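As you go down the protein sequences, you meet chains V and X in turn. Note that the working numbering numbers the first sequence so that position 176 is 176, with each residue one more than the last. To convert, take the position in the second sequence, counting from 1, and add 1000; that gives the working numbering. Okay, so here's the structure we're looking at.
Protein chains: 2
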Amino acid sequence: MIDKLEFLLALARERHFARAAEACGVTQPTLSAGVKQLEETFGVLLVHRGSRFRDFTPEGERVLSWARRIVGDARAMREEVHALKHGLNGRLRIAAVPTALAMVERVTTPFRERHPNVQFTVLSRNSGELLRLLDNLEIDAGITYLDNEPLGRVATIPLYRERYRLLISADAPLGNRDQVTWAEVAQVPLCLLTPDTQNRRIIDRLLREAGGDPQASLESNAMILLYAHVRTGRWASIMPARLAATLGLTEVLRAVPIVEPEASHTIGLVVPAREPMTPLTSALADETRRVAPSLAD
Amino acid sequence: MIDKLEFLLALARERHFARAAEACGVTQPTLSAGVKQLEETFGVLLVHRGSRFRDFTPEGERVLSWARRIVGDARAMREEVHALKHGLNGRLRIAAVPTALAMVERVTTPFRERHPNVQFTVLSRNSGELLRLLDNLEIDAGITYLDNEPLGRVATIPLYRERYRLLISADAPLGNRDQVTWAEVAQVPLCLLTPDTQNRRIIDRLLREAGGDPQASLESNAMILLYAHVRTGRWASIMPARLAATLGLTEVLRAVPIVEPEASHTIGLVVPAREPMTPLTSALADETRRVAPSLAD
DNA sequence: ATTACTTGATAGAATAACACTATCAATGTG
DNA sequence: CACATTGATAGTGTTATTCTATCAAGTAAT
Chain V
1 MIDKLEFLLA LARERHFARA AEACGVTQPT LSAGVKQLEE TFGVLLVHRG SRFRDFTPEG
61 ERVLSWARRI VGDARAMREE VHALKHGLNG RLRIAAVPTA LAMVERVTTP FRERHPNVQF
121 TVLSRNSGEL LRLLDNLEID AGITYLDNEP LGRVATIPLY RERYRLLISA DAPLGNRDQV
181 TWAEVAQVPL CLLTPDTQNR RIIDRLLREA GGDPQASLES NAMILLYAHV RTGRWASIMP
241 ARLAATLGLT EVLRAVPIVE PEASHTIGLV VPAREPMTPL TSALADETRR VAPSLAD
Chain X
1001 MIDKLEFLLA LARERHFARA AEACGVTQPT LSAGVKQLEE TFGVLLVHRG SRFRDFTPEG
1061 ERVLSWARRI VGDARAMREE VHALKHGLNG RLRIAAVPTA LAMVERVTTP FRERHPNVQF
1121 TVLSRNSGEL LRLLDNLEID AGITYLDNEP LGRVATIPLY RERYRLLISA DAPLGNRDQV
1181 TWAEVAQVPL CLLTPDTQNR RIIDRLLREA GGDPQASLES NAMILLYAHV RTGRWASIMP
1241 ARLAATLGLT EVLRAVPIVE PEASHTIGLV VPAREPMTPL TSALADETRR VAPSLAD
């Protein structure tokens, strides 16, 4: 039964019978039969199919949402029993928004001190993608914005507040200032994240509210690329203060606080809203709560 | 997998392999094999066995608690999909404490108006037994005391407050009074529920706190038996006011409010703390919320 | 229109899983 | 010490599951 529900989850992810089957490590007829068996036991069609996968029926959507929960719980059960026997081990799959990537270390480093047998996979994802992965149980936790766009059914643990700095060469027009306004920043050509990221949407909004017309002279989804450009002193960017501090400044590169307004957003851990959590997730949440005070401001 | 977890739940209920097997509709070797298979997949012993069932290992207890949740969710899923197709139907299994039995009608009657295809099984159980049944998914909901003894992991919906009356013949010493004190009642031989019931423990406590020495001249776990005695006019009892009102008074039988203190306890619906609830449970909770205001005082 | 490709369903065979009956060994009980 | 109780084990037949191979329906391109 649970295997069949996993088939259904894979089908929801892949929207394609053969690919879903591959993801489950079975052949396509096996997955087709599994889905059909679910439909027979429930006595309802779950999937609209023409000659190909179309979408889920309303009943299918409901089953899907139960399946997420049941499959998640079954995994949590296995994980917990394993942890009871062998101590905390396994792999934590985490995704973080690009602006928070450099801060993941603040959690993972002390976590590893405490639980050396736990391994990590950390992905860079934009916030929307991150929530989708969390929903589909493809990651165990995410680090993203908690207070800006809606999150869905998740539990959250605040980690730190993101504040904004203009990274710019000391030689440039605004480079010698102690602070600049968003209105002033709006006049500068910037290296920014792509518009699919929440950080970019936040910055665009702030620039627009200051009467500017946001346009990035260079866009990327990788923070490291933006930084590589900025540190030449020939480009400017807006980055979270903590990120700028982590990356370090050169002799010519300055991080100027941006005011009017002194905007800030909360970054934190999001985990599936399941009670009880899996032992790994629960330990990660504990570590996050432990670390957060040292990052407060 | 889910079937095996059901085996485990049955074993926890029956504490006996053969009886658990019978409850699941399989033979004893089948259930033994199922449990053993769970133990193999987890790589841990779940059950301490000597020549007979002893108890669950710590890991077994954890698996058990996950099993309750997973099996419950799987049932809820089936029920919900069925309800989507055929409207709300099926059977609601409810247990109520003896003093609340007569009030169950206040919920079931309007519920049936709304959902005529739902059938009921209503059992009389003491509060401890009721919570155990709820835990083991043997009932869908209970009606019991919400504010006296601890309940465990359940969601509660208050229904009404239970207040106490001395049911006694008008000829008897206290029979002509407008109110009596608990201290006075403590002097009267009473027909009461058995001490396994929460109502009896509440009354005993109130009598003891009034300096009395509670002793029942007749005990039963069936309210109807107590009433049959009392209505002869030759016995006395303490009953909740609403129950006395439902049963009706005879010419000689009076229901005298008991004061010092004017004790009261909240009676309400308890359902498993699962989010989302099954459609039947959810509808019952809705109905209870709808009815409660008309019973408030 | 015709052809080729994509996608999911179906048929048939091999294999694995499952549940049953019968029986046994261990532990209590009178 | 006989005897009942309890759960594990062996052996067997049945059912489920999964695979490979193939098919039919629908799309897209020529």
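Beta carbons: idealized from backbone N, C-alpha and C, even for Gly. Every value quoted in this text rests on a predicted model; they were computed, and no experiment measured them.
Between which two residues does the beta strand (DSSP E) holding residue i run?
i, result
"M1239 of chain X", "S1237 to P1240"
"E262 of chain V", "Segment: none, E262 of chain V is in no beta strand (DSSP E) and carries neither H nor E."
"G1090 of chain X", "G1090 to A1096"
"S1124 of chain X", "V1118 to S1124"
"L166 of chain V", "V154 to S169"
What in chain X is Cβ-close to residue i, meaning under 7 Å?
i, result
"I2 of chain V", "M1001 and I1002"
"T223 of chain V", "It is worth fixing the name first, because residue 223 of chain V is Met in this sequence and not Thr. Residues of chain X passing the Cβ test: none, with the nearest at roughly 37 Å."
Show which residues of chain X have a CB atom less than 9 Å away from the CB atom of residue i.
i, result
"K85 of chain V", "F1042, G1043, V1044 and E1059"
"M277 of chain V", "Here the premise fails: no neighbours, minimum Cβ distance about 12 Å."
What are the start and end residues of the alpha helix (DSSP H) that includes residue i?
i, result
"R132 of chain V", "S127 to D135"
"D204 of chain V", "Q198 to E209"
"L5 of chain V", "I2 to E14"
"A1292 of chain X", "P1279 to L1295"
"I1139 of chain X", "I1139 of chain X -> no alpha helix (DSSP H), and no H or E assigned at all."
"A33 of chain V", "Q28 to F42"
"D73 of chain V", "P58 to H86"
"R1106 of chain X", "L1101 to R1114"
"R1019 of chain X", "F1017 to C1024"
Roughly how many angstroms separate the alpha carbons of residue i and residue j, rounded to a whole number?
i, j, result
"D1140 of chain X", "N89 of chain V", "37 Å"
"M277 of chain V", "T1246 of chain X", "47 Å"
"A194 of chain V", "S220 of chain V", "Just to set this straight, residue 194 of chain V is Thr in the shown sequence, not Ala. For T194 of chain V and S220 of chain V, the distance between alpha carbons rounds to 5 Å."
"G1142 of chain X", "V1270 of chain X", "5 Å"
"R1153 of chain X", "G1128 of chain X", "14 Å"
"R201 of chain V", "S1032 of chain X", "58 Å"
"V256 of chain V", "S217 of chain V", "19 Å"
"A1023 of chain X", "E1287 of chain X", "32 Å"
"A1222 of chain X", "T1181 of chain X", "26 Å"
"G1305 of chain X", "L1011 of chain X", "Residue 1305 of chain X lies beyond the stretch modelled for chain X, which goes from 1001 to 1297, so this question has no answer here."
"L243 of chain V", "A292 of chain V", "16 Å"
"A1210 of chain X", "A1076 of chain X", "47 Å"
"K301 of chain V", "T1281 of chain X", "With chain V covering 1 to 297 only, the question about residue 301 of chain V has no answer from this structure."
"L8 of chain V", "A67 of chain V", "8 Å"
"E96 of chain V", "V122 of chain V", "A small correction: the amino acid at residue 96 of chain V is Ala; Glu does not occupy that position in the sequence shown. C-alpha separation (whole angstroms): 7 Å."
"E1040 of chain X", "A283 of chain V", "26 Å"
"R13 of chain V", "V1081 of chain X", "21 Å"
"R1015 of chain X", "A1021 of chain X", "11 Å"
"P150 of chain V", "A1100 of chain X", "44 Å"
"A273 of chain V", "R1208 of chain X", "46 Å"
"W1235 of chain X", "L1038 of chain X", "57 Å"
"L192 of chain V", "N148 of chain V", "19 Å"
What do you get for residue i, buried or exposed, if any count of 16 or more other CB atoms within 10 angstroms of its CB means buried?
i, result
"D73 of chain V", "buried"
"S237 of chain V", "buried"
"R69 of chain V", "buried"
"I94 of chain V", "buried"
"E61 of chain V", "exposed"
"P1279 of chain X", "buried"
"N126 of chain V", "buried"
"N1304 of chain X", "This structure cannot speak to residue 1304 of chain X, because chain X is shown only from 1001 to 1297."
"P98 of chain V", "buried"
"G248 of chain V", "exposed"
"T232 of chain V", "exposed"
"Q198 of chain V", "buried"
"T27 of chain V", "exposed"
"I1168 of chain X", "buried"
"R49 of chain V", "exposed"
"T1109 of chain X", "exposed"
Output, in chain order, the set of chain X residues within a Cβ distance shorter than 8 Å of residue i.
i, result
"E300 of chain V", "Residue 300 of chain V lies beyond the range of chain V shown here (1 to 297); nothing can be said about it."
"A20 of chain V", "Per Cβ cutoff of 8 Å: no residues; A20 of chain V is ~20 Å from chain X at best."
"D55 of chain V", "Within 8 Å Cβ-Cβ: nothing; D55 of chain V doesn't reach chain X, min ~17 Å."
"R69 of chain V", "D1073"
Could you tell me how far apart the beta carbons of residue i and residue j are, in whole angstroms, since I believe they sit closer than 8 Å?
i, j, result
"L64 of chain V", "F53 of chain V", "Not a contact, Cβ separation roughly 13 Å."
"V1071 of chain X", "L1005 of chain X", "5 Å"
"L1131 of chain X", "I1267 of chain X", "Not quite, the Cβ-Cβ distance comes to about 14 Å (not below 8 Å), so this is no contact."
"E1184 of chain X", "H1265 of chain X", "Actually they do not touch by this definition, with Cβ atoms about 21 Å apart."
"A263 of chain V", "L206 of chain V", "6 Å"
Who are the neighbours of residue i on chain V, taking C-beta pairs under 8 Å?
i, result
"M1239 of chain X", "Here the premise fails: no neighbours, minimum Cβ distance about 40 Å."
"M1103 of chain X", "Residues of chain V passing the Cβ test: none, with the nearest at roughly 32 Å."
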